[in-house]
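J.:
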Amino acid sequence: MIRWTLIFLVIALIAAVFGFGGIAAGAAGIAKIIFFIFLVLLVISLVMRAVRKT
0 MIRWTLIFLV IALIAAVFGF GGIAAGAAGI AKIIFFIFLV LLVISLVMRA
50 VRKT
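In terms of numbering that gives the first Met the number 0, the sequence shown opens at residue 0 and continues consecutively.
1. What does the alpha-carbon distance come out to for the pair Arg2 and Ile10?
2. So Phe19 is in the alpha helix (DSSP H); what residue range does that whole segment cover?
3. Apart from the five residues just before and just after Ala14, which ones in its own chain have a Cβ nearer than 7 Å to its Cβ?
4. Determine the contact status of Thr4 and Phe34, defining contact as a CB-CB distance below 7 Å.
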């Protein structure tokens, strides 16, 4: 999932360099959403792992 976040971040940066503001904003928004989903899944995974070990 981090790979997708980085891909969209790179797309946003390249689009911003070439002056495509709308595409850059859209790709950056998608990267943010995927990153936060990754964080939520990471926390859930860590909590589940901690619960199983006890």
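We put the beta carbon where it would ideally sit given N, CA and C, even for glycine.
T.: Quick look at the numbers:
1. 12 Å
2. Taken as a continuous stretch (DSSP letters only), Phe19 belongs to no alpha helix (DSSP H), as it is neither H nor E.
3. Ile22, Ala23, Ala26
4. yes
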